[in-house]
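> All letters in the sequence shown, in the order written, are residues -18 to -1, 1 to 283 by mature numbering (1 follows the signal peptide of the UniProt record, and there is no 0).
Here it is: the structure, laid out below.
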Amino acid sequence: MKKLTLILTLLISITTFAQNISGKAYYQSKTTVDMDNFGGREMNEERKKQIMERMKSMLEKTFILTFNNNESIYKEQEKLETGGGGRGFGMMMSSFSAGAQYKNIETNQILEEREFFGKQFLINDTVTNLDWQVGKESKMIGQYLAIKATAMKKIDENDFSMARARRGRGDRGNREEDAKDEESKKEVAKDSTETKNDDPFDQIEIPKEVLVTAWFTPQIPVGNGPGEYAGLPGLILELNIDRTTILCSKIVLNPKDADKIEAPDKGKEVTREEYNAIIKEKMDEMRENFRGRGGRGRGRG
């Protein structure tokens, strides 16, 4: 009851504060990878550790959200290159990382820079409007009271930024079939030298939908948040999307010298549907090229 009273008091007291607001929010983004299902049983632990170290720069990043009442720009914080970047499939996956993301809450527009295999695109889309369910659960994030909200988000089948290691049956909780799997393991092991599958496309999967959990604060009454996320009555301070957690570590409100928010304009302008079609065409081409080079069926002579 005390928590509910506090929330109501905050909602009433912030109405005057909401007239003019600007600021910067710093977010730490971290994505975990299930290495148990990555690379198959042939990959030893030392090799998995090496891959994780190479992927660290892709999996752990710092972003800055510069915002005002209606607009925002979300960018990765610039950092010195450490060298030794990923190669092969890791380099391909890095092509799916978004560049600067501009949102206009008033016009419901999002402009997103993307560099895909050396080509620059500017995706012109609408802000993702999720069906947020605001609950009663709350917690403190720094000095701000944050309220929990959840929503289900549908994922495009060509959104490789959401790709994850393909899960086995046990991970899906299908224990009834595990016994059958045990019986077939010997057969699989017997034929593994002949049918070894090194196709990286078969080692990943893209979920059809994911649960998004957000923690927003009504103390900063802007309906904005990191990346494409928005639509709650307060700034989103924490997001959990599948294996990715984005947590706000610092907020600077109403700075004297506020950065100007400008929409990006570099790259070929395309719709989200057009961009996804470009990705699909390229992925199909890469898959065929890989298999044509003998990615499948090695050892059959």
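For glycine and all other residues, C-beta sits at the position ideal for the given N, C-alpha and C.
Given the structure is predicted, the values throughout are model-derived calculations rather than measurements.
Would you mind sorting residue 45 into buried or exposed? The rule is 16 or more other CB atoms within 10 Å of its CB.
Looking up residue 45 in the sequence shown gives position 63. Classification of residue 45: buried, given that the 10 Å Cβ count is 16 or more.
> If you reduce the DSSP assignment to three classes, tell me which class residue 107 lands in.
Here the question's residue 107 lines up with position 125 in the sequence shown. In this structure, residue 107 counts as strand in the three-state DSSP scheme.
> According to DSSP, which residues form a beta bridge with residue 222?
Here the question's residue 222 lines up with position 240 in the sequence shown. In DSSP, residue 222 forms a bridge with 195, 227.
> Taking only the alpha-carbon atoms, compute the straight-line gap between residue 200 and residue 111 and give it to the nearest angstrom.
For this step, residue 200 is matched to residue 218 along the sequence shown. For this step, residue 111 is matched to residue 129 along the sequence shown. Roughly 19 Å between the two C-alpha positions.
> Just the Cα atoms here: how many angstroms apart are residue 95 and residue 86?
Position 113 of the sequence shown, counted from the start, is the residue given in the question as residue 95. Position 104 of the sequence shown, counted from the start, is the residue given in the question as residue 86. For residue 95 and residue 86, the distance between alpha carbons rounds to 15 Å.
> Please return the same chain residues whose Cβ sits closer than 7 Å to the Cβ of residue 205, not counting the five positions on each side in sequence.
The residue you call residue 205 lines up with position 223 of the sequence shown. Closer than 7 Å at the Cβ level, and outside the excluded window around residue 205, lie 87, 212, 213, 214, 215.
> Based on Cα-Cα distance, which residue from 105, 132, 274 lies nearest to residue 120?
On the sequence shown, residue 120 is found 138 positions in, with the first residue counted as 1. Nearest of 105, 132, 274 to residue 120, Cα basis: 132.
> Would you call residue 99 buried or exposed, if buried means 16 or more other Cβ atoms sit within 10 Å of its Cβ?
Along the sequence shown, one-based indexing puts residue 99 at 117. Residue 99 comes out exposed.
> Which same chain residues end up closer than 6 Å to residue 262 when comparing Cβ atoms and leaving out the 5 residues on each side of it in sequence?
Taking the sequence shown and counting its residues from 1, the one referred to as residue 262 is at position 280. These residues qualify, in order along the chain: 140.
> In terms of residue numbering, what span does the beta strand (DSSP E) encompassing residue 56 cover?
Reading the sequence shown from its first residue, position 74 is the one you call residue 56. Element bounds for residue 56: 53 to 58.
> Please give me, in chain order, every unbroken run of the beta strand (DSSP E) with length at least 3 that falls completely inside the stretch 251 to 280.
Runs of the beta strand (DSSP E) inside the stretch 251 to 280: none found.
> Taking only three categories from DSSP, how would you classify residue 42?
Locating residue 42 in the sequence shown gives position 60, where the first residue counts as 1. Strand.
> Closest to residue 12 by C-alpha separation, out of 52, 227, 97, 102, would be which residue?
In the sequence shown, counting from the first residue as 1, residue 12 sits at position 30. The shortest Cα separation from residue 12 among 52, 227, 97, 102 belongs to 227.
> Inspect the beta-carbon positions of residue 193 and residue 134 and report whether they are closer than 8 Å.
As a first step, residue 193 is located in the sequence shown; it is residue number 211 there, counting from the start. As a first step, residue 134 is located in the sequence shown; it is residue number 152 there, counting from the start. Closer than 8 Å, so yes.
> Would DSSP call residue 97 helix, strand or coil?
Here residue 97 refers to the residue found at position 115 when the sequence shown is read from its first residue. If DSSP states are grouped into helix, strand and coil, residue 97 belongs with the strands.
> Report the option in 49, 42, 82, 41 whose CA atom is closest to the CA atom of residue 246.
The residue given as residue 246 occupies position 264 in the sequence shown. For the residues 49, 42, 82, 41, the minimum Cα distance to residue 246 belongs to 82.
> According to DSSP, is residue 28 helix, strand or coil?
Against the sequence shown, residue 28 aligns to sequence position 46. Three-state result, residue 28: helix.
> Alpha carbon to alpha carbon, how far is residue 117 from residue 257?
Taking the first residue of the sequence shown as position 1, residue 117 is located at position 135. Taking the first residue of the sequence shown as position 1, residue 257 is located at position 275. The alpha-carbon atoms of residue 117 and residue 257 are separated by roughly 35 Å.
> Along the chain, where does the beta strand (DSSP E) that runs through residue 81 open and close?
On the sequence shown, position 99 is the one that residue 81 refers to. Where residue 81 is concerned, the enclosing beta strand (DSSP E) stretches over 80 to 86.
> Straight-line CA distance for residue 47 to residue 273?
Within the sequence shown, the letter at position 65 stands for residue 47. Within the sequence shown, the letter at position 291 stands for residue 273. Cα to Cα, the separation comes out at about 42 Å.
> Kindly list the residues whose CB is nearer than 6 Å to the CB of residue 293, restricted to its own chain and excluding five residues on each side of it in sequence; keep chain order.
An answer regarding residue 293 cannot be provided, because it is not within the stretch -18 to 283 covered by the chain.
> Cα separation between residue 103 and residue 57?
The residue given as residue 103 occupies position 121 in the sequence shown. The residue given as residue 57 occupies position 75 in the sequence shown. The alpha-carbon atoms of residue 103 and residue 57 are separated by roughly 16 Å.
> Going by CA-CA distance only, name the one from 138, 55, 91, 231 that's closest to residue 188.
Position 206 of the sequence shown, counted from the first residue, corresponds to residue 188. Considering only alpha carbons, the answer is 138.
> Sorted by chain position, which residues of the same chain lie with C-beta nearer than 8 Å to residue 42's C-beta, five sequence neighbours on each side aside?
Position 60 of the sequence shown, counted from the start, is the residue given in the question as residue 42. Hits under 8 Å: 10, 11, 12, 13.
> Answer yes or no: do residue 55 and residue 243 have a C-beta to C-beta separation smaller than 8 Å?
Taking the first residue of the sequence shown as position 1, residue 55 is located at position 73. Taking the first residue of the sequence shown as position 1, residue 243 is located at position 261. Going by C-beta atoms, residue 55 is nearer than 8 Å to residue 243.
> Do residue 92 and residue 191 come within 8 Å of each other at the CB atom, strictly closer than that value?
In the sequence shown, residue 191 corresponds to position 209, counting from 1. In the sequence shown, residue 92 corresponds to position 110, counting from 1. No. Outside cutoff.
> Between the Cα of residue 8 and the Cα atoms of 109, 60, 52, 2, which residue gives the shortest distance?
Sequence index remark: in the sequence shown, residue 8 carries index 26 (1-based). Considering only alpha carbons, the answer is 60.
> Starting from residue 212 and walking both ways along the beta strand (DSSP E), at which residues does that stretch end?
Taking the sequence shown and counting its residues from 1, the one referred to as residue 212 is at position 230. Counting along the chain, residue 212 falls outside any beta strand (DSSP E), and DSSP gives it neither H nor E.
> So what does DSSP say about residue 89, is it helix, strand or coil?
Locating residue 89 in the sequence shown gives position 107, where the first residue counts as 1. The answer is coil: DSSP assigns residue 89 none of H, G, I, E or B.
> State the start and end residues of the unbroken beta strand (DSSP E) segment that holds residue 133.
Position 151 of the sequence shown, counting from 1, holds the residue named residue 133. Residue 133 -> beta strand (DSSP E) spans 126 to 136.
> Identify which residue in 49, 123, 15 has its Cα closest to the Cα of residue 236.
Counting from 1 along the sequence shown, the entry for residue 236 is found at position 254. The shortest C-alpha separation from residue 236 is found at 49.
> Can you tell me which of 255, 122, 248, 241 puts its alpha carbon nearest to the alpha carbon of residue 231?
For the purposes of this step, residue 231 is taken as residue 249 along the sequence shown, with counting starting at 1. Measuring from the Cα of residue 231, the nearest candidate turns out to be 122.
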